[in-house]
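In my numbering, the protein residues as written are -4 to 357.
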C-alpha cells in the first residue's frame, strides 16, 4: 500500500499543469537575449578571435543546455530539495573556500574557477541558488521562532556570516548584496518582523557598507566616479558614459537592430553587464519597455506561483528565485543608466555568461 501511495504522489506532481505564461515569457526573454548577444558581441568577438559568432555560438549552446535541464528538472518534485537544505549551506561554504584556494585572480579579484582553458565558472552564482534552498528549508523548520529577535531573526542571520565573509574576501560585494536581499525578502515573507530588519540595517548594515566603501580604494573610486562620471571620462567613467551615449542615441525607436555604434569597442565587452545599453541603442525606449514588461510578467508569475504553492517550502523557494531575478534586473538597469555606482551584475537571460543555464533552469 505504501508503494502505491508513493507512486500516486509522484505521478500527481508530474501531472501538475505547466504555467505556460511563465514558460513563454522565459522563452521570449531568452530569444531576445540571444539576438542581443549576437548583435552586441560581434565586433568584440571578431577583434579577439576573428570569428564574429564566437560568443553567440557559446551562448546558444548554454541556452540549449539550459532548456534541456529545465525540461528535466521540472519533472522533479521540489520537495526533494528540502531533504538536503543543510547540505546546500555546506556546499556553498566549500565552493567559496575553493575559490580562495584554486580560483583565478583577474583584476585583483578571485571569483572564477577554471575548468579548462576556455571554460570557467563563478561559484557565487551557484551559491545564490543554494542559499535559496537552504533558507527555504531552515525557515520552514524554525517557523515558530521567526517573530523573535534573538532566537529567530539573529539566529538565521548568523548563517550568512561565513558566506558573506568569503564573498567579501574575493572580493565580490555585488553578490553579497544580492544574497542579502534575497534572504531578507524570504525571511520577511516567512514571518520575521520588518522592524528587526530596519533596526539592524540602520544600526549595523549601513555603517558596515559605508566602511567597506570608504576603506576599499577601488570601491571608493567607483562611488566618486558615480557622482560625476564626466570628470573621469577617460578612466573609470568611460564605460558608464559610453553606455549613456548608447541609451541616448537610441531615442524612442532605436537606430535599428544590429546598427549600434557603441558596440564597436567603445563599451568594453558590451555583451556582458552593459548589454542593456546596446538594447536601448538598437531598439530604443519602446524596445526596453517591452523587455522590462516581460521581466515584470516573470515577477508576477513567480509571486503567483509562491501564493499558490501547497506548502511553505515551495512558497519560499518560488519567492527566493523571483527575488534573485528581480534584484539582479534592478541593479543591472540601475548601473547601466548611472542610477547607482558600477558593479559587476549580469542581466538575467541576456548577459553573456555560462550561468544563463541556471536562470533558465530555475
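Even for Gly, the Cβ is constructed at its ideal location relative to N, Cα and C.
- If only complete runs of 4 or more residues are kept, the stretch 15 to 73 shows the alpha helix (DSSP H) at 15 to 44, 49 to 68, in order along the chain.
- Between residue 118 and residue 90, the C-beta gap is smaller than 9 Å, which places the two residues in contact.
- About 36 Å separates the beta carbon of residue 29 from that of residue 185, a gap too long to meet the 8 Å contact definition.
- By the CB criterion at 9 Å, residue 208 and residue 237 fall outside the cutoff.
- Within its own chain, the residues whose Cβ lies closer than 6 Å to the Cβ of residue 246, once the five positions on either side in sequence are excluded, are 279, listed in chain order.
- Of all alpha-carbon atoms in 187, 190, 196, the one lying nearest the alpha-carbon of residue 172 is that of 196.
- A distance below 7 Å between beta-carbons, with the five flanking residues on each side excluded, links residue 178 to the following residues of its chain, in chain order: 126, 130, 155.
- Counting along the chain, the unbroken beta strand (DSSP E) around residue 100 starts and ends at 99 to 101.
- Setting aside the 5 residues that flank it on each side, residue 48 is surrounded in the same chain by 33, 37, 40, each with a C-beta closer than 8 Å to its C-beta; the list follows chain order.
- In this structure, the CA atom of residue 164 is about 33 Å from the CA atom of residue 25.
- Contact check for residue 14 against residue 300 passes: the beta carbons are separated by less than 9 Å.
- For the pair residue 226 and residue 240, the Cα-to-Cα distance works out to about 16 Å.
- Scanning its chain for C-beta atoms nearer than 7 Å, with the 5 sequence neighbours on each side dropped, one finds around residue 248 the residues 279, 281, in chain order.
- Look at the stretch 137 to 223 and you find these whole runs of alpha helix (DSSP H), each 4 residues long or longer: 150 to 153, 155 to 164, 168 to 185, 189 to 195, 201 to 209, 212 to 222.
- Residue 109 is bridged by DSSP to 115.
- Ranking 92, 260, 348 by CA distance to the CA of residue 43 puts 260 first.
- Per DSSP, reduced to three states, the secondary structure at residue 304 is coil, with no helix or strand assignment.
- Judged by DSSP secondary structure, residue 227 falls outside any alpha helix (DSSP H); it is assigned neither H nor E.
- Residues of the same chain with a CB within less than 6 Å of the CB of residue 148, apart from the 5 flanking positions on each side, are 187, 191 in chain order.
- Rounded to whole angstroms, residue 296 and residue 120 show a C-alpha spacing of 23 Å.
- Within the same chain, 274, 275 come within 7 Å of residue 283 by CB-CB distance, once the 5 residues on both sides are set aside.
- By the neighbour-count definition (other C-beta atoms within 10 Å, threshold 16), residue 268 is a buried residue.
- Exposed is the label assigned to residue 138, since fewer than 16 other Cβ atoms lie within 10 Å of its Cβ.
- If the five residues before and after residue 294 are omitted, its C-beta is found closer than 8 Å to the C-beta atoms of 317, 320, 321, all from its own chain and listed in chain order.
- If you draw a straight line from the Cα of residue 175 to the Cα of residue 58, it is about 28 Å long.
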